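Enquirer: Our numbering puts the first residue of the sequence shown at -17, with every later residue one more than the last.
My structure is below; once you've seen it, I'll send some questions.
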Amino acid sequence: GKAEPRPRYPRSLPSLPIIGSLLHLTNNCQFHLLLHSLQKKYGSLYSLQMGSQYMVVVNHYLHAKEVLLKKGKTFAGRPHTVTTDILTRNGKDIAFATYSPHWKFLRKQVHASLSMFGKGTLALEKIICREAASLCESLSSFQDTLLDMAPELNRAVTNVVCSLCFNSCYRRGDPEFEAMLQYNEGIVNTVGQKSLVDIFPWLQVFPNKDLALLRSCIEVRDQLLQKKFKEHKKALGSDSVNDLMDALLRVQLNMENNNSQLALPLELTDDHILMTVADIFGAGVETTSTVLKWAVLYLLHYPEVQRKIREELDQKIGFERHPQLSDRQQLPYLEATISEVLRIRPVSPLLLPHVALTDTSIGEYTIRKGAQVLVNLWSLHHDEKEWDKPEEFNPGRFLDEEGNRIYSPSPSYLPFGAGSRVCLGEALAKMEIFLFLAWILQRFTLEVHPGQPLPALEGKFGVVLQVQQFKVKARLREAWRDGV
Ligand code: HEM
Ligand code: PLO
């Protein structure tokens, strides 16, 4: 008779010695770079064993698209990890929740609210421009001194998502804002797969400094969320839906009233609302501010790029009015620069881990149910067959010969992921990055002191690819001096 074809599994790294070196390397090496370099020896698709977890690493865009798009639903699971379970009350959010009818429903609701507050109205553009104006004001008050822009950028993006989620915003020095910055930093530094407890869950029983820090940060976050939640619940009687929290509370109310009409017995608990808002809030702040910091750092390293953006701004907008969203079409070089920043330093170099929900395959390889899949976006964005000199920062690669913007010169480019887990904030993030950079560069020249060494371009791998701290001088341009 005919024999069953034998399953072919991805080539696997020798497990014991590698575990040893992985654990050793993740502390000071960059996990995504390590996984990128392992391709040389093991090919673009390989597997490794992390503690008890079997992981498949995808480094080529064709495999990535199979996982995210063609078989997006099959690979829409997320792993349980110790730290994200603590962060999200066992996956009651969107980003870290595995596939379920609940997740699907919640994602749909949030998507709908975000587009309602976003594209549908001019309100969001107004909010971003209000924060851009305040950011520029702060920058000019620090004029000619070396400044760490991170807290200023952070406040600007925080206020945008704060308006979106809670219909409120913070002034500089507000203690609640300072507390938020602090707990966010703590969470970013402790959550995610690099921490050992996520590889060896049994380590949890031992006292763990990171875990204790994570817990205390989450406690501060929860108090803040709870306060907002109470305020919103109290005000829900009035008809207006002003923000994401209102919108979700309204959905909850409607569901309680006509649950019998729903096809599935879904419920939207208070925990789901809190964790989802926390997700959007955290994602909204951490990602956008990280991209802005990367953009500023690259503009310092490549002053000719900065000069070209300013020339484009001077030509198309001038000094009589502020940049607005409708200028995006007219500023292809700025748009290309943003695309290039997202290519060369992807915010999320390994996306978030995906999990196979059934037995399936990638290419010719068999993948078993429960396998974790890491899509190495870094490898996609630095593939030498797809990108000419991938480590070179060159916005021109996103432009055609006339300098008009082309969408993407290579299919090996997915800064926001793709498919059923694609980023929910892509439109919002792009609006913010565009407007903040346009406002800043219309008014300021960003520089470091002559002779001062430039901050390094290496990132620090974590739940986002972080920039190391650096200082800049924002010099007000000629046309804006003397109160013009
Ligand atoms: C997920 C990128 C900004 C909300 C993701 C993923 C990536 C990503 C790569 C993971 C996709 C996957 O696992 O396959 C980015 C980048 C941003 C950005 C590069 C900024 C330039 C934002 C903003 C928000 C947001 C501003 C909030 C409004 C989310 C959410 C998820 C997500 C909720 C989880 C989706 C899911 O698991 O179903 N993002 N993001 N992101 N992003 Fe973003
Ligand atoms: C950032 C710190 C917050 O306190 C909590 C939080 C929530 C959602 C996370 C975000 C953090 C980091 C960036 C993440 C986002 C969900 C999607 C996004 C992981 C941990 C990306 C880039 O995938």
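Every residue, glycine too, gets a C-beta built ideally from N, C-alpha and C.
Everything numeric in this text was worked out from a predicted model, so none of it was measured.
#1: So what does DSSP say about Ala438, is it helix, strand or coil?
#2: Is it the case that the CB of Asp261 approaches a heavy atom of the ligand HEM more closely than 8 Å?
#3: Could you check which residue in Phe99, Leu423 and Asp75 has the C-alpha nearest to that of Leu281?
#4: Could you pull the DSSP bridge partners for Ser(-6) from this structure?
#5: Could you give the DSSP three-state label for Tyr152: helix, strand or coil?
#6: Residue range of the alpha helix (DSSP H) that Ser120 falls in?
#7: Around the ligand PLO, what residues have a beta-carbon under 6 Å from a heavy atom of it, in chain order?
#8: Could you say which of Ala114, Ser120 and Val323 lies nearest to Leu417 if we only look at CA atoms?
#9: Starting from Arg289, follow the alpha helix (DSSP H) in both directions and report where the run begins and ends.
#10: Would the stretch 263 to 281 count as touching the stretch 448 to 461 if we require 3 or more Cβ pairs under 8 Å?
#11: With DSSP as the reference, label Phe426 as helix, strand or coil.
#12: For a cutoff of 9 Å on Cβ pairs, would you count Leu279 as touching chain B?
#13: Pull up the CB-CB distance for Pro(-8) and Tyr28, whole angstroms please, since I reckon it's below 8 Å.
#14: Who does Met37 pair with in a DSSP beta bridge?
#15: Could you tell me which whole beta strand (DSSP E) segments of length 3 or greater appear in the stretch 314 to 398?
#16: If we count the other Cβ atoms within 10 Å of its Cβ and call it buried at 16 or more, is Pro377 buried or exposed?
#17: I think Val143 touches Ile110, with their Cβ atoms under 8 Å apart; what is that distance to the nearest whole Å?
#18: Does Leu235 pass the burial test, meaning 16 or more other C-beta atoms within 10 Å, or should it be called exposed?
#19: Consult DSSP for Glu(-14) and reduce its assignment to one of helix, strand or coil.
#20: Is it true that the CB of Leu231 sits closer than 9 Å to the CB of Lys215?
#21: What does DSSP give as the partner residue(s) for Asp448 in the beta ladder?
#22: Tell me which same chain residues have a C-beta within less than 7 Å of the C-beta of Thr342, skipping the five on either side of it?
#23: May I have the straight-line CA-CA distance separating Ser308 from Thr140, to the nearest angstrom?
#24: Gly407: which of Val454, His93 and His364 sits nearest, CA to CA?
#25: If I'm right that Leu334 touches Ala58 with Cβ under 8 Å, what's the distance once you round it to whole angstroms?
#26: Heavy atom of the ligand HEM less than 8 Å from the Cβ of Ile415, yes or no?
#27: Who pairs with Lys455 in a beta bridge, going by DSSP?
#28: Please state whether the Cβ-Cβ distance between Leu410 and Ala46 is less than 9 Å.
#29: Using the C-alpha atoms, what's the distance from Ser(-6) back to His6?
#30: Give the DSSP bridge partners of Leu129, in chain order.
#31: Could you tell me which whole alpha helix (DSSP H) segments of length 4 or greater appear in the stretch 192 to 277?
#32: Identify every residue that forms a DSSP beta bridge with Gly59.
#33: Less than 8 Å between the CB atoms is what I'm expecting for Gln125 and Arg457, so what's the real figure, rounded?
#34: Going by Cα to Cα distance, which pick from Ile326, Val287 and Ser394 is closest to Pro314?
#35: Compute the minimum distance between the beta carbon of Trp85 and the heavy atoms of the ligand HEM, and state whether it is under 8 Å.
#36: Can you round the beta-carbon distance between Phe301 and Ala461 to whole angstroms, since I take them to be within the 8 Å contact cut?
Expert: The structure says:
#1: Here Ala438 sits in coil by DSSP.
#2: With a cut-off of 8 Å, the C-beta of Asp261 is classified as near the ligand HEM, since at least one heavy atom of the ligand falls inside that distance.
#3: Among Phe99, Leu423 and Asp75, the Cα nearest to that of Leu281 belongs to Leu423.
#4: For Ser(-6), the beta-bridge partners assigned by DSSP are Ser29.
#5: Here Tyr152 sits in coil by DSSP.
#6: Bounds of the alpha helix (DSSP H) holding Ser120 are Ala105 to Ser123.
#7: Here the residues come out as Ala77, Asn166, Ile169, Val170, Val173, Asp261, Gly264, Ala265, Glu268, Thr269, Val329, Ser330, Leu334, Val445 and Val446.
#8: Nearest neighbour of Leu417 by Cα position, chosen from Ala114, Ser120 and Val323, turns out to be Ala114.
#9: First-last of the alpha helix (DSSP H) with Arg289: Pro285 to Lys298.
#10: Three or more Cβ pairs drawn from the stretch 263 to 281 and the stretch 448 to 461 lie within less than 8 Å of each other, which places the two stretches in contact.
#11: Note: Phe426 maps to strand in three-state DSSP.
#12: Among the chains of the structure shown, chain B does not appear; only one protein chain is present.
#13: Right, their Cβ atoms sit about 5 Å apart.
#14: Paired residues: Leu30 and Gln354.
#15: For the stretch 314 to 398, the full-length beta strand (DSSP E) segments reaching 3 residues or more read 342 to 344, 347 to 349 and 354 to 357 along the chain.
#16: Classification of Pro377: buried, given that the 10 Å Cβ count is 16 or more.
#17: Between Val143 and Ile110 the beta-carbon gap is near 11 Å, outside 8 Å, which marks them as no contact.
#18: Exposure of Leu235 is indicated by the presence of fewer than 16 other C-beta atoms within 10 angstroms of its C-beta.
#19: If DSSP states are grouped into helix, strand and coil, Glu(-14) belongs with coil.
#20: Their beta carbons are under 9 Å apart, which means Lys215 touches Leu231 by this criterion.
#21: Strictly speaking, residue 448 in this sequence is Gln, with Asp absent from that position. Gln448 pairs with Lys442.
#22: Exclusion of the five residues before and after Thr342 leaves Lys53, Thr56 and Ile349 as the residues of its chain whose Cβ lies within less than 7 Å of its Cβ.
#23: When rounded, the separation of the alpha-carbon atoms in Ser308 and Thr140 is 23 Å.
#24: The candidate whose alpha carbon is nearest that of Gly407 is His93.
#25: Not quite, the Cβ-Cβ distance comes to about 11 Å (not below 8 Å), so this is no contact.
#26: Yes, since a heavy atom of the ligand HEM falls inside the 8 Å radius drawn around the Cβ of Ile415.
#27: Lys455 pairs with Glu429.
#28: No, the pair does not count as a contact, with Cβ atoms beyond the cut-off.
#29: Its pLDDT being 46, under 50, His6 is placed unreliably in this model, and the value from its coordinates should be taken loosely. The alpha-carbon atoms of His6 and Ser(-6) are separated by roughly 19 Å.
#30: Residue pairing of Leu129 in beta bridges, as defined by DSSP: Val454.
#31: Taking only runs of at least 4 residues, the alpha helix (DSSP H) segments lying wholly in the stretch 192 to 277 are 226 to 239.
#32: Gly59 has Val337 as its beta-bridge partners, per DSSP.
#33: About 7 Å separates the Cβ atoms of Gln125 and Arg457, confirming a contact at the 8 Å cut-off.
#34: Checked all of Ile326, Val287 and Ser394; the closest Cα to Pro314 is Val287.
#35: It does: the Cβ of Trp85 is within 8 Å (strictly closer) of some heavy atom of the ligand HEM.
#36: About 5 Å separates the beta carbon of Phe301 from that of Ala461, a gap short enough to meet the 8 Å contact definition.
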